[in-house]
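A.B. asks: Just passing along the structure, written as structure tokens.
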Amino acid sequence: MPQTLSLLAPMYNEAEVIEPFFNEVLPILESLPLEWEIVCVNDGSKDRTLELLWQWHEREPRIKVINLSRNFGKERALTAALDFAAGDAVIPIDADLQDPPDLIPRMVELWQQGFDVVNAVRKSRDCDSPLKQTTARLFYRVINRISDVDIPRDVGDYRLLSRRVCEVLRSMRETHRFMKGLFSWVGFPATSLYFERKPRAAGTTKWNYWRLWNLALEGITSFSTVPLKIASYIGFIAAVLGLLYAIYLVARTLAFGDPVKGYPSLMTAVLFFGGVQLLFIGVIGEYIARIQDEVKGRPIYVIESIRGICRSTGTPDLHTERRRATIYPD
Ligand code: UDP
Ligand code: MG
Numbered sequence: 501m502p503q504t505l506s507l508l509a510p511m512y513n514e515a516e517v518i519e520p521f522f523n524e525v526l527p528i529l530e531s532l533p534l535e536w537e538i539v540c541v542n543d544g545s546k547d548r549t550l551e552l553l554w555q556w557h558e559r560e561p562r563i564k565v566i567n568l569s570r571n572f573g574k575e576r577a578l579t580a581a582l583d584f585a586a587g588d589a590v591i592p593i594d595a596d597l598q599d600p601p602d603l604i605p606r607m608v609e610l611w612q613q614g615f616d617v618v619n620a621v622r623k624s625r626d627c628d629s630p631l632k633q634t635t636a637r638l639f640y641r642v643i644n645r646i647s648d649v650d651i652p653r654d655v656g657d658y659r660l661l662s663r664r665v666c667e668v669l670r671s672m673r674e675t676h677r678f679m680k681g682l683f684s685w686v687g688f689p690a691t692s693l694y695f696e697r698k699p700r701a702a703g704t705t706k707w708n709y710w711r712l713w714n715l716a717l718e719g720i721t722s723f724s725t726v727p728l729k730i731a732s733y734i735g736f737i738a739a740v741l742g743l744l745y746a747i748y749l750v751a752r753t754l755a756f757g758d759p760v761k762g763y764p765s766l767m768t769a770v771l772f773f774g775g776v777q778l779l780f781i782g783v784i785g786e787y788i789a790r791i792q793d794e795v796k797g798r799p800i801y802v803i804e805s806i807r808g809i810c811r812s813t814g815t816p817d818l819h820t821e822r823r824r825a826t827i828y829p830d
């Protein structure tokens, strides 16, 4: 039995790049000594993406389509693809050809040599703006300092994951999904490939700084509780300093009497600690909000329709989610 490779392609308003994407990817997949499938997820696109995907599925049944009920965001769209992938290895790939498909044969080779994870590391970020380069560098430095898992820099979602990595990932059902972190959390033998990341083939990026900031918050709150500890330590230091200051005040009053002074220092302390307290209530709030979301236990995504993938027996309702997928025999 030849092994199967699943490409996972989340797509949100990608009508312009679908044609070049398949034209580039299909010959590469055909050249591999493997069975293959492409699991495309339409993440609530507002353009012709879904229609085009269905056309491609008619032409090439190994292109499979999951149509989500609305836009759930890339991380969840990718989770849907992962849940339904039948492959012995999967490769999440961006549809905009920023992840060069010609790396796939080399990734497969390394996987067949026994690596469970093959990371595609981008050599440079020259095509990003200086601000994005700086913020990305800062983010990786911070998150690797404060979290237990080592999240490699300059590796996107483009990487090969073996079946056992996928099995572990499928068992992680958290609603707040920082995929890069989850991938690294799993572990297993990993290796890296280097590539030059190109600008988008067509269309526009779906990320802006607000979305990136939220992604960074997601990463930090999902993989570290250090911000909560910082709150405790600052509180502790403030309490110690406050106590020392109180002792000094009592001593001074006893020695020199009590002329009414100290309004500026009082105001400074009140305002400063008022601010610090609000800040850390906010930090705690970020964690509580995430606890609330997890406790609700809502499905990670909702599927409206699928093509090329069938539900296997005994699994939960198709319209919520499924952990394992069976594919219609061709
Ligand atoms: N994407 C998605 N849902 C979203 C946003 C993006 O499925 O809500 C997909 C998008 O179609 C693309 C991939 O995620 O295939 C990467 O998006 P994009 O190229 O906009 O991100 P960038 O490369 O700029 O980081
Ligand atoms: Mg892109």
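Using the numbering used here, the letters of the sequence shown map in sequence onto residues 501 to 830. We put the CB at the ideal spot given by N, CA and C, even for glycine.
Among the residues of its own chain, which have a CB less than 7 angstroms from the CB of R645, if the five just before and after it don't count?
C.D. replies: none
A.B. asks: Take every Cβ of the stretch 512-529, pair it with every Cβ of the stretch 588-602, and state whether three or more of those distances are shorter than 8 angstroms.
C.D. replies: yes
A.B. asks: Whole angstroms are fine: how far does the CA of V776 sit from the CA of E480?
C.D. replies: Nothing in the structure corresponds to residue 480, since the chain is present only between 501 and 830.
A.B. asks: Is it right to say W611 is buried, meaning 16 or more other beta carbons lie within 10 angstroms of its own, or is it exposed?
C.D. replies: buried
A.B. asks: Report the three-state DSSP secondary structure of P510 (helix, strand or coil).
C.D. replies: strand
A.B. asks: Is the distance from the Cβ of S692 to the Cβ of I591 below 9 angstroms?
C.D. replies: Cβ atoms of S692 and I591: not closer than 9 angstroms.
A.B. asks: Just checking, does the stretch 651-665 make contact with the stretch 613-627 on the three C-beta pairs under 8 angstroms criterion?
C.D. replies: With the cut-off at 8 angstroms, the stretch 651-665 and the stretch 613-627 touch.
A.B. asks: In three-state terms, what does DSSP make of T504?
C.D. replies: strand
A.B. asks: Could you tell me which of L766, R670, P799, W707 sits nearest to L749, measuring between CA atoms?
C.D. replies: L766
A.B. asks: Are F572 and V802 closer than 9 angstroms when you measure CB to CB?
C.D. replies: yes
A.B. asks: Mind listing, in chain order, the continuous beta strand (DSSP E) runs of no fewer than 3 residues lying wholly within the stretch 671-703?
C.D. replies: 690-695
A.B. asks: Taking the alpha helix (DSSP H) that K796 falls in, what are its first and last residues?
C.D. replies: 763-796
A.B. asks: Is it the case that the CB of Q633 approaches a heavy atom of the ligand MG more closely than 8 angstroms?
C.D. replies: no
A.B. asks: What residues in its chain sit with their C-beta under 8 angstroms from that of A585, if we drop five residues either side in the sequence?
C.D. replies: S506, L508, E537, V539, C666, A825
A.B. asks: By DSSP's criteria, R807 is part of a beta bridge. Which residues make up the other side?
C.D. replies: V565
A.B. asks: Does the beta-carbon distance from S724 to S629 come in below 9 angstroms?
C.D. replies: no
A.B. asks: Quick one: does the C-beta of G782 sit closer than 8 angstroms to a heavy atom of the ligand UDP?
C.D. replies: no
A.B. asks: Whole angstroms is fine: what's the gap from R807's alpha carbon to W554's?
C.D. replies: 8 angstroms
A.B. asks: Where A769 and Y745 are concerned, what is the direct C-alpha to C-alpha distance, given to the nearest angstrom?
C.D. replies: 11 angstroms
A.B. asks: Is V617 helix, strand or coil by DSSP?
C.D. replies: strand
A.B. asks: Which residues count as close to the ligand MG when the rule is a CB under 6 angstroms from any of its heavy atoms, in chain order?
C.D. replies: Selection around the ligand MG by beta-carbon proximity, strictly under 6 angstroms to any non-hydrogen atom, yields D594, D596, Q598, R700, T705 in chain order.
A.B. asks: Compute the Euclidean distance between the alpha carbons of L818 and L779, then round it to the nearest angstrom.
C.D. replies: Low local confidence applies: a pLDDT of 45 at L818 is under 50, so the model's placement there is unreliable, with the coordinate-based value given in what follows. Taking the straight line joining both Cα atoms gives about 42 angstroms.
A.B. asks: I need the boundaries of the alpha helix (DSSP H) containing A580, first residue and last residue.
C.D. replies: 574-584
A.B. asks: Could you spell out the range, first to last residue, of the beta strand (DSSP E) harbouring G656?
C.D. replies: 655-662
A.B. asks: Confirm, please, whether the CB-CB distance from S624 to F678 is below 9 angstroms.
C.D. replies: no
A.B. asks: Is M679 near the ligand UDP, judged by its Cβ being under 8 angstroms from some heavy atom?
C.D. replies: no
A.B. asks: Alpha carbon to alpha carbon, how far is R673 from D588?
C.D. replies: Those two C-alpha atoms are separated by around 21 angstroms.
A.B. asks: Applying the criterion that 16 or more other CB atoms from any shown protein chain within 10 Å of the CB defines a buried residue, is F683 buried or exposed?
C.D. replies: Residue burial annotation: F683 is buried, with at least 16 other C-beta atoms found within 10 angstroms of its C-beta.
A.B. asks: Return yes when at least one heavy atom of the ligand UDP lies under 8 angstroms from the C-beta of V573, else no.
C.D. replies: Here residue 573 is Gly; the residue named in the question, Val, does not match the sequence. Checking every heavy atom of the ligand UDP against the Cβ of G573, one is found closer than 8 angstroms.
A.B. asks: Taking the C-alpha atoms as reference points, what is the distance between G703 and A577?
C.D. replies: 19 angstroms
A.B. asks: With which residues is E460 paired in a DSSP beta bridge?
C.D. replies: In the structure as shown, the chain starts at 501 and stops at 830, and residue 460 therefore has no counterpart that could be examined.
A.B. asks: Using the rule of at least 16 other Cβ atoms within 10 Å of the residue's Cβ for burial, across every protein chain shown, is S531 buried or exposed?
C.D. replies: exposed
A.B. asks: Please classify W556 as buried or exposed, where buried requires at least 16 other C-beta atoms within 10 Å of its C-beta.
C.D. replies: buried
A.B. asks: Tell me the DSSP secondary structure of L818 in three-state form.
C.D. replies: Per-residue confidence for L818 stands at a pLDDT of 45, beneath the threshold of 50, marking its modelled position as unreliable; the derived number appears in the next sentence. In this structure, DSSP gives L818 a state outside helix and strand, which the three-state scheme calls coil.
A.B. asks: At a cut-off of 8 angstroms, would you count A577 as near the ligand UDP, judging by its Cβ distance to the nearest heavy atom?
C.D. replies: Result yes, Cβ under 8 angstroms from the ligand UDP.
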